[in-house]
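Read through the structure below, which is laid out as structure tokens, and then see the notes.
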Amino acid sequence: ETSPLTMVVCGPIALAFFCREKWAQKEEKVQRTIKQVLKCDVTQANPLAPRSLPPVDCLLSTLCLEGACKDLPTYRSALKNISSLVKPGGHLVLFVILEETFYMVGQHQFSCLYLDQKSVEEAVKEAGFDIEWLEVTRFSGPGTLYDGQGACMLVAQKH
Numbered sequence: 033e034t035s036p037l038t039m040v041v042c043g044p045i046a047l048a049f050f051c052r053e054k055w056a057q058k059e060e061k062v063q064r065t066i067k068q069v070l071k072c073d074v075t076q077a078n079p080l081a082p083r084s085l086p087p088v089d090c091l092l093s094t095l096c097l098e099g100a101c102k103d104l105p106t107y108r109s110a111l112k113n114i115s116s117l118v119k120p121g122g123h124l125v126l127f128v129i130l131e132e133t134f135y136m137v138g139q140h141q142f143s144c145l146y147l148d149q150k151s152v153e154e155a156v157k158e159a160g161f162d163i164e165w166l167e168v169t170r171f172s173g174p175g176t177l178y179d180g181q182g183a184c185m186l187v188a189q190k191h
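In case it helps, the numbering used here puts the sequence shown at residues 33 to 191.
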């Protein structure tokens, strides 16, 4: 099922702007483009171990690191680890929920690392990236499925 991935790649507002036929074409293109899904452990120096792949032009991380990291030093280390997957001049596209401590999947509650905008920016820069674009969207009220207060989206280029 690649519909959620297509939404990330093509943009969450994309569905509102594309008729069903064009959306189906985008979905098909995403399915054709993905060659393989690899296990990734961002807490390891080589996140793709035991595999080793050439660095990529662009790495997308969406709602991942704050769930995988228990504290800010681990988060900073994880960003450094995934930076090894990006070639110099390549880009990191990062989507993070800000000021969140939990989220729900069905009846299961999961904890996540509380991050503010400053912590995210500092960690990205410390990992060897220059932030080219950053946007923060604040949520209007508390949700029952999560307690995040906003979302941070950024694009950064590796030195």
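The beta-carbon is built from N, C-alpha and C at its ideal position, and this holds for glycine as well. Since the model is a prediction, treat every value here as computed from it, not as a measurement.
> Between the Cα of residue 75 and the Cα atoms of 89, 186, 123 and 97, which residue gives the shortest distance?
Replying inline: Position 43 of the sequence shown, counted from the start, is the residue given in the question as residue 75. Residue 75 has its Cα closest to that of 97, out of 89, 186, 123 and 97.
> Do three or more CB pairs link the segment 63-77 to the segment 103-115 at distances below 8 angstroms?
Replying inline: yes
>> Can you tell me where the alpha helix (DSSP H) holding residue 149 begins and where it ends?
In response: Counting from 1 along the sequence shown, the entry for residue 149 is found at position 117. Where residue 149 is concerned, the enclosing alpha helix (DSSP H) stretches over 149-158.
> According to DSSP, is residue 120 helix, strand or coil?
Replying inline: Residue numbering aside, residue 120 sits at position 88 when the sequence shown is read from its first letter. Residue state, collapsed to three classes: strand.
>> Quick test of your reading: residue 95 and residue 129, contact by CB under 8 angstroms. State the CB separation rounded to the nearest angstrom.
In response: As a working note, residue 95 is residue 63 in the sequence shown. As a working note, residue 129 is residue 97 in the sequence shown. About 6 angstroms; that satisfies the 8 angstroms criterion.
>> Going by beta-carbon coordinates alone, are residue 122 and residue 72 separated by less than 8 angstroms?
In response: Translated into the one-based positions of the sequence shown, residue 122 becomes position 90. Translated into the one-based positions of the sequence shown, residue 72 becomes position 40. Taking 8 angstroms as the Cβ cut-off, residue 122 and residue 72 do not qualify as a contacting pair.
> What are the boundary residues of the alpha helix (DSSP H) that residue 135 is part of?
Replying inline: Your numbering for residue 135 matches position 103 in the sequence shown. Unbroken run through residue 135 is the beta strand (DSSP E), 134-137; no alpha helix (DSSP H).
>> Suppose you measure from the CA of residue 139 to the CA of residue 177; what does that come to, to the nearest Å?
In response: The count along the sequence shown starts at 1 and reaches residue 139 at position 107. The count along the sequence shown starts at 1 and reaches residue 177 at position 145. Whole-angstrom Cα-Cα distance: 10 angstroms.
>> Please give me, in chain order, every unbroken run of the beta strand (DSSP E) with length at least 3 that falls completely inside the segment 67-96.
In response: 88-94
> Do we get a CB-CB distance below 8 angstroms when we pair residue 162 with the residues of chain D?
Replying inline: In summary, chain D is missing from the structure at hand, where a single protein chain is found.
> Closest to residue 161 by CA distance: which of 119, 131, 60 and 137 is it?
Replying inline: On the sequence shown, residue 161 is found 129 positions in, with the first residue counted as 1. Among 119, 131, 60 and 137, the Cα nearest to that of residue 161 belongs to 119.
>> Going by DSSP in three states, residue 143 sits in which element: helix, strand or coil?
In response: In the sequence shown, residue 143 corresponds to position 111, counting from 1. The answer is strand: DSSP assigns residue 143 an E or B state.
> Is residue 177 helix, strand or coil by DSSP?
Replying inline: Within the sequence shown, numbered from 1, the residue matching residue 177 stands at position 145. DSSP places residue 177 in coil when its eight states are reduced to three.
> Nearest-angstrom Cα distance between residue 99 and residue 145?
Replying inline: Start at 1 with the first residue of the sequence shown, and residue 99 comes out as number 67. Start at 1 with the first residue of the sequence shown, and residue 145 comes out as number 113. Approximately 6 angstroms, taken between the alpha carbons.
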